[in-house]
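Enquirer: Below is a structure I'd like to ask you about.
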Amino acid sequence: MIVELDKISKYYQIPGTAIKQEVLKDLSLNVQKGESIAIIGPSGSGKSTLLNIIGTLDFPNSGVVKLNGDEISKLSENELSEIRNRNIGFVFQMHHLLPQLSLIENVLVPVIPQKDKAIKKAAYNRAIDLLNSVGLANEIHKRPGQLSGGESQRATVVRALINEPQLILADEPTGSLDKESAEQMGELLSEINKNHQVAMIVVTHSQELANKMDVIYELLDGKLVKI
1 MIVELDKISK
11 YYQIPGTAIK
21 QEVLKDLSLN
31 VQKGESIAII
41 GPSGSGKSTL
51 LNIIGTLDFP
61 NSGVVKLNGD
71 EISKLSENEL
81 SEIRNRNIGF
91 VFQMHHLLPQ
101 LSLIENVLVP
111 VIPQKDKAIK
121 KAAYNRAIDL
131 LNSVGLANEI
141 HKRPGQLSGG
151 ESQRATVVRA
161 LINEPQLILA
171 DEPTGSLDKE
181 SAEQMGELLS
191 EINKNHQVAM
201 IVVTHSQELA
211 NKMDVIYELL
221 DGKLVKI
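What follows is the structure, given as structure tokens:
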């Protein structure tokens, strides 16, 4: 099991008050290798919070989160950073590409901590292959400002894959795209899930994108309801 959430809860203290706003309530979820999951639900329901907890960017107030059997609350920040870099690929609504870097340099940012030249060379070759597979082979020296929104978002998917993660977390990956680019992104994520056997959790308002995943959950009143 790649991801195990056992009765996690998350609340936020409303500033200046003693009131706690509970976002997630005794929520449990298991994710297996190669499984694809869509999470839908109204704005403010806690979808992004849940994704951040799975990605170790945030932590629950109670409950247990395990990644590959390791309980994240017992890991050091260095260990968590290593997990985020090596085992998890992130795709957000905005591409967050660095404007001063070329496309290929942006894709290789997660490899920067590596000191082994052989690993870096293999990552470069992998980047070229992946960029070719998403139709960006001729754009590798362009900067983000010279790319369309769809091209930039495809590049973020390649960046998420560069370290061969076990899990991709995508938060509204088609939210900033036009209809045609959104459809292409949905197809790309589906193909990656099947061809690379990468587990995938996608938070989305798009029913079309959700339908491409194996399982759909709706986040309602702090809990996941399987559709």
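Numbering follows the numbering used here, with no gaps: position 217 of the sequence shown is 217. Cβ coordinates follow ideal geometry from the N, Cα and C atoms, glycine included.
Do K7 and D26 have their C-beta atoms closer together than 8 Å?
Expert: The sequence position of residue 7 within the sequence shown is 7, counting from 1. The sequence position of residue 26 within the sequence shown is 26, counting from 1. Yes, Cβ-Cβ distance for K7 and D26 is below 8 Å.
Enquirer: Just reading off the alpha helix (DSSP H) that G63 is part of, what are its end residues?
Expert: Numbered from its first residue, the sequence shown carries residue 63 at position 63. Note, G63: premise wrong, no alpha helix (DSSP H); beta strand (DSSP E) at S62 to L67.
Enquirer: Given this structure, state the Cα-to-Cα distance separating A38 from G175, to the nearest angstrom.
Expert: Working through the sequence shown from its first residue, we reach residue 38 at position 38. Working through the sequence shown from its first residue, we reach residue 175 at position 175. Rounded to the nearest angstrom, the two C-alpha atoms are 14 Å apart.
Enquirer: For the putative contact between L220 and S45, defined by C-beta atoms under 8 Å, what is the C-beta separation to the nearest angstrom?
Expert: Here residue 220 corresponds to residue number 220 of the sequence shown, with the count starting at 1. Here residue 45 corresponds to residue number 45 of the sequence shown, with the count starting at 1. Yes, L220 and S45 are in contact; Cβ-Cβ is about 7 Å, under 8 Å.
Enquirer: Quick check: I162 and V111, are their CB atoms within less than 8 Å of each other?
Expert: In the sequence shown, counting from the first residue as 1, residue 162 sits at position 162. In the sequence shown, counting from the first residue as 1, residue 111 sits at position 111. For I162 and V111, yes; Cβs fall inside 8 Å.
Enquirer: Drop a sphere of 10 angstroms on the beta-carbon of K74, count the other beta-carbons inside from all chains shown, and report buried for 16 or more, exposed for fewer.
Expert: Position 74 of the sequence shown, counted from the start, is the residue given in the question as residue 74. Under this definition K74 is an exposed residue.
Enquirer: L136 and L103: beta carbons closer than 8 Å?
Expert: For this step, residue 136 is matched to residue 136 along the sequence shown. For this step, residue 103 is matched to residue 103 along the sequence shown. Yes, these two residues count as a Cβ contact at 8 Å.
Enquirer: Less than 8 Å between the C-beta atoms of L98 and N106, yes or no?
Expert: For the purposes of this step, residue 98 is taken as the residue at position 98 of the sequence shown. For the purposes of this step, residue 106 is taken as the residue at position 106 of the sequence shown. Going by C-beta atoms, L98 is nearer than 8 Å to N106.
Enquirer: Buried or exposed: D171, going by 16 or more other Cβ atoms within 10 Å of its Cβ?
Expert: Within the sequence shown, the letter at position 171 stands for residue 171. With 16 or more Cβ atoms within 10 Å of its Cβ, D171 is classed as buried.
Enquirer: What is the DSSP secondary structure of A118, counted as helix, strand or coil?
Expert: Here residue 118 refers to the residue found at position 118 when the sequence shown is read from its first residue. Helix, per DSSP.
Enquirer: Going by Cα to Cα distance, which pick from L67, Y124 and F92 is closest to S282?
Expert: The question about residue 282 has no answer here: the residues shown for the chain are numbered 1 through 227.
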